[in-house]
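Structure, as structure tokens:
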Amino acid sequence: MEIKRKFILRTIAGDHILVPVGKDAIDMNGLIILNDIGAFLWEHIPQAEDENRLVQLLLEEYEVDAETAAKDVREFMDKLTTIGIVEQ
Numbered sequence: 033m034e035i036k037r038k039f040i041l042r043t044i045a046g047d048h049i050l051v052p053v054g055k056d057a058i059d060m061n062g063l064i065i066l067n068d069i070g071a072f073l074w075e076h077i078p079q080a081e082d083e084n085r086l087v088q089l090l091l092e093e094y095e096v097d098a099e100t101a102a103k104d105v106r107e108f109m110d111k112l113t114t115i116g117i118v119e120q
């Protein structure tokens, strides 16, 4: 998995916000707000070889069942792929 666009994750007043930088700040109109799990996943995308690894990391960090973790990871990655931020 690869992050295709440049974003910086910032936490401001308890909100996790993906802020586009460089050329992507011009191309992308707006910010992306993440919940705690989204921020956790975002931070681990560069090191994860696939979605299964993200699911495993989620299971290790949070009290969640495998089915819910897999569903959450799939939905998150689908959204990032749809808007062109991540390439799987």
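Start counting the sequence shown at 33; every next residue gets the next number (this note's numbering).
Just so it is clear, CB atoms sit at the ideal spot from N, CA and C, and this is done for glycine as well.
Neighbourhood of residue i by C-beta, 7 Å cutoff - its chain only, sequence neighbours within 5 removed
i: Glu95; result: none
i: Leu91; result: Ala98, Ala101
Own chain residues within Cβ distance below 6 Å of residue i, not counting five before or after
i: Leu89; result: His76
i: Ile49; result: Arg42, Leu63, Ile65
i: Pro52; result: Phe39, Met60
Those residues which DSSP pairs with residue i across a bridge
i: Glu34; result: Glu119
i: Val51; result: Ile40
Presumed contact (8 Å Cβ cut-off) between residue i and residue j, rounded CB distance
i: Pro78; j: Ile35; result: 6 Å
C-alpha distance - residue i paired with residue j, whole-angstrom precision
i: Glu99; j: Ile69; result: 15 Å
i: Ile64; j: Arg85; result: 23 Å
i: Asn61; j: Met109; result: 20 Å
i: Glu83; j: Ile117; result: 15 Å
i: Glu93; j: Asn67; result: 15 Å
i: Ile40; j: Thr113; result: 17 Å
i: Lys103; j: Ala45; result: 28 Å
i: Val105; j: Glu119; result: 14 Å
Cutoff 8 Å; reference residue i; Cβ partners in own chain excluding five residues on either side
i: Ala80; result: Met33, Leu86, Leu89
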